[in-house]
Structures are given as structure tokens and as C-alpha cells.
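Engineer: Heads up: the sequence shown at position 171 corresponds to 320 in the working numbering, and the numbers run straight through without jumps.
For glycine and all other residues, C-beta sits at the position ideal for the given N, C-alpha and C.
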Amino acid sequence: MNFLEICKQRCSVRSYTNQSVSAEDLDYLLEAARLAPSAVNFQPWIFIVVREEANRLKIQESYNREWFKSAPLYIVICGDHEQAWKRKSDGKDHCDIDIAIAVEHICLAATERKLGTCWVCNFDEKILREALALPAHIEPIAILPVGHPNPESLCQETAKVRKPLQEIIRWEKF
Ligand SMILES: Cc1cc2nc3c(=O)[nH]c(=O)nc-3n(C[C@H](O)[C@H](O)[C@H](O)COP(=O)(O)O)c2cc1C
């Protein structure tokens, strides 16, 4: 698969089989995350892998959806606001941007490996923080369920609903 094919094939998978994710695949995803770029290369991230049943249940409390429970593992991607680069001119914290890049690296690497993922940000932050015992300066930014997609969840055949290029591209000026 070339890069554009991976982009086309990646989709939000919301149903997983009960097959576990191999250690080799998990290492591959985490390495893809580790190699992501970040502002000033500060790498303000922590990736928390949650696989054990009792801990999976706690994560599921933070995002109570039936489909979400089918994932055999979750990667919770957290940002460290103390480490993130703040732009000098206005103090803008680049943590969210850095995390987003690393998250999408994982999603695209998973697609290459025929694994499914789905960005989840609509969780209850308080419940998630408690589940993971996060210190105050660490923010949980996304949960990625990871697993083998259920065949009926595959969305390769469905054309992506995206704005056409001519609507989103401007040349030279706004
Ligand atoms: C920042 C972000 C947050 C998202 N949060 C959720 C979420 O909480 N729950 C969910 O089911 N999907 C979530 N999604 C998935 C989007 O709904 C999905 O990416 C979008 O509809 C496009 O579909 P596709 O991923 O299949 O191409 C999120 C995506 C992004 C990028």
C-alpha cells in the first residue's frame, strides 16, 4: 500500500473481533508514535497501554459505548503540558498539535497492519484521569481503541465523505 492508499483505507473502526493484538503489532504502533515530529522536538507525550480486563473496564466507564467495549486494548495518549513548547510571542501551547500527530501516526500504522483504530476524545475526563492516576499536568487527549476490525465494520468500500479540494484550497491568499 502506498501512502495515499493507507490514508484512503484508514477509517474509524467501531467494532472489533476478540482476537488480541500481537506484541509485534503493538510495538510497531508505538514505534510509529515515538517517531512523530513535535514542536522543538520536545516530545511532550506519554502513551498508556491498557490491556488488563479490570483496567479496560475502567477506561470503558469514561466512554460508555457498546462498540468501544469490543476493543482488546486501548492506548491513551496523554500530553505533558510542562514539557510542551509554548510559542514565545503569545504563549500558545503546542501540546495538542504534537499529540494529534502522534495519534494519527498510530492510526495510519495500524491501517498498514490491517488493524483498526478510532480516535475517541468524547470521554469523561474526570473518570479517565482517576482510572489512570494521572498527575495534574498530564492531560488525557485521546483514547485509541485498537483491535482487529470486525469484517462488517470495514469501510474501505464506502467513499470518504470529505469536502472537495476546490472548497478547501486557496492559492496565494485566503
Ligand atoms: C479529534 C477527533 C476526535 C474524535 N472523537 C471521536 C469520539 O469521541 N467518538 C467517535 O466515535 N469518533 C470520534 N472521532 C472520529 C470521527 O468521527 C471520524 O474520524 C470522522 O467522522 C471521519 O470518519 P473516518 O475516521 O471513518 O474517516 C474523532 C476524530 C477526531 C479526529
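Kindly list the residues whose CB is nearer than 7 Å to the CB of K218, restricted to its own chain and excluding five residues on each side of it in sequence; keep chain order.
Structural biologist: To locate residue 218, count along the sequence shown from 1; it is residue 69. The residues are Q209.
Engineer: Along the alpha helix (DSSP H) that carries A280, what are the first and last residues, could you check?
Structural biologist: The sequence position of residue 280 within the sequence shown is 131, counting from 1. Unbroken alpha helix (DSSP H) run through A280: 274–281.
Engineer: Measuring CB atoms only, is the segment 224–238 touching the segment 193–204, in the sense that at least three cross pairs come out at less than 8 Å?
Structural biologist: yes
Engineer: For F196, which residues does DSSP report across the bridge?
Structural biologist: One-based indexing of the sequence shown puts residue 196 at position 47. In the DSSP output, where bridge partners are listed per residue, F196 has I226.
Engineer: Which same chain residues end up closer than 8 Å to A181 when comparing Cβ atoms and leaving out the 5 residues on each side of it in sequence?
Structural biologist: For this step, residue 181 is matched to residue 32 along the sequence shown. These residues qualify, in order along the chain: H254, I255, L257, A258.
Engineer: Could you compute how far the alpha carbon of S164 sits from the alpha carbon of I224?
Structural biologist: Along the sequence shown, one-based indexing puts residue 164 at 15. Along the sequence shown, one-based indexing puts residue 224 at 75. Looking at the two C-alpha atoms, the distance is approximately 16 Å.
Engineer: For E279, tell me which candidate among L206, I246, Q158 has the shortest Cα-Cα distance.
Structural biologist: Taking the first residue of the sequence shown as 1, we reach residue 279 at position 130. Of L206, I246, Q158, the residue nearest in Cα terms is L206.
Engineer: Taking the straight line between their C-alpha atoms, what separation do you get for C156 and K309?
Structural biologist: Start at 1 with the first residue of the sequence shown, and residue 156 comes out as number 7. Start at 1 with the first residue of the sequence shown, and residue 309 comes out as number 160. About 10 Å.
Engineer: Under 9 Å between the Cβ atoms of S302 and L222?
Structural biologist: The residue labelled residue 302 in the question sits at position 153 within the sequence shown. The residue labelled residue 222 in the question sits at position 73 within the sequence shown. Result no, Cβ atoms of S302 and L222 do not sit closer than 9 Å.
Engineer: On the three-pair Cβ rule with 8 Å, is the segment 290–298 touching the segment 308–322?
Structural biologist: no
Engineer: Excluding the five sequence neighbours on either side, which residues of its own chain have a C-beta within less than 6 Å of the C-beta of K198, listed in chain order?
Structural biologist: The residue you call residue 198 lines up with position 49 of the sequence shown. For the sequence presented, residue 198 should be read as Val rather than Lys. Answer for V198: I224, listed in chain order.
Engineer: Say yes only if the C-beta of W268 is nearer than 8 Å to one or more non-hydrogen atoms of ligand 1, and no if none qualify.
Structural biologist: Reading the sequence shown from its first residue, position 119 is the one you call residue 268. Yes, since a heavy atom of ligand 1 falls inside the 8 Å radius drawn around the Cβ of W268.
Engineer: Relative to the C-alpha of L281, which residue among S211, E154, L153, Y177 is closest?
Structural biologist: Position 132 of the sequence shown, counted from the start, is the residue given in the question as residue 281. Cα-wise, what sits closest to L281 is S211.
Engineer: DSSP puts P289 in a beta bridge; with which residues?
Structural biologist: Within the sequence shown, residue 289 is the residue found at index 140, counting from 1. Looking at the DSSP assignment, P289 forms a beta bridge with C227.
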